[in-house]
Amino acid sequence: MLKDVIAKELKNAMVARDELRLSAFRMLTAAIQNREIAERTKRGAGAALGDEDIVQVIRGEVKKRNDAVEAYTAGGRVEAARRERDEAAVLAPLLPPELSDEELAALAEEGVRTLGASSEAEFGKLMGWLKGRIRGRASGERIAAAAKERLAGV
Numbered sequence: 031m032l033k034d035v036i037a038k039e040l041k042n043a044m045v046a047r048d049e050l051r052l053s054a055f056r057m058l059t060a061a062i063q064n065r066e067i068a069e070r071t072k073r074g075a076g077a078a079l080g081d082e083d084i085v086q087v088i089r090g091e092v093k094k095r096n097d098a099v100e101a102y103t104a105g106g107r108v109e110a111a112r113r114e115r116d117e118a119a120v121l122a123p124l125l126p127p128e129l130s131d132e133e134l135a136a137l138a139e140e141g142v143r144t145l146g147a148s149s150e151a152e153f154g155k156l157m158g159w160l161k162g163r164i165r166g167r168a169s170g171e172r173i174a175a176a177a178k179e180r181l182a183g184v
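Basically this note's numbering = 1-based index in the sequence shown + 30.
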């Protein structure tokens, strides 16, 4: 389970006294705990996060770091931007590999055939179908672009 891998990485960072990795994994662990609390509030006491939920949290944390890099760079805070970039690099290997553009286009094609989509009015149906199949292996922006491109060619 991904949560166990994260706990092991946190422990290894503590033993190695690697401040960068330790900080990144502590923040990730806190974000996962916050998400678990939110899910228990929403679904009840027995709700637990699965690996897909944890991947969403990791993806969110990496995105936060990348956004912070842009903000710090724009503000002239080079050292803070470097630290955020390094933390994002620590967390990125935990994410599943992204789908290539070709794989994404092939899935969009399959979705159009399966749903019988014939116009851009069915964009929402295609997006729902694609998101169910892709499950975090591509950003929403990339999925939407592939869906629009495919529907434009119908």
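Ideal Cβ positions, reconstructed from N, Cα and C, are used throughout, including at glycine.
L52 has its alpha-carbon roughly 6 angstroms from the corresponding atom of M44.
Judged by pairs of C-beta atoms under 8 angstroms, the region 137 to 145 does not touch the region 109 to 119, as fewer than three such pairs exist. Annotation for G141: the continuous alpha helix (DSSP H) segment containing it runs 131 to 145. Taking the C-beta atoms as reference points, L181 is found no nearer than 7 angstroms to E132.
Spatial neighbours of A61 in its own chain (CB-CB distance under 8 angstroms, excluding positions within 5 residues in sequence) are listed in chain order as V87, G90, E91.
With a cutoff of 7 angstroms on beta-carbon distance, A177 and M157 are scored as near each other. With a cutoff of 7 angstroms on beta-carbon distance, L129 and A98 are scored as not near each other.
The closest CA to that of I84, considering only E179, E171, D34, is found on D34. By the neighbour-count criterion, in which 16 or more other beta carbons inside 10 Å mark a residue as buried, E39 falls on the buried side. Residue L134 holds the alpha-carbon nearest to the alpha-carbon of K161 among A147, R65, L134, S148. Straight through space, the alpha carbons of W159 and G170 are spaced by roughly 13 angstroms. By the Cβ neighbour-count rule, L58 is buried, with 16 or more other Cβ atoms within 10 Å of its own. The C-alpha of F153 lies about 12 angstroms from the C-alpha of G146.
For L124, the closest C-alpha among the options N42, F55, L50 is that of F55.
A straight line joining the alpha-carbon of S148 with that of R165 spans about 24 angstroms.
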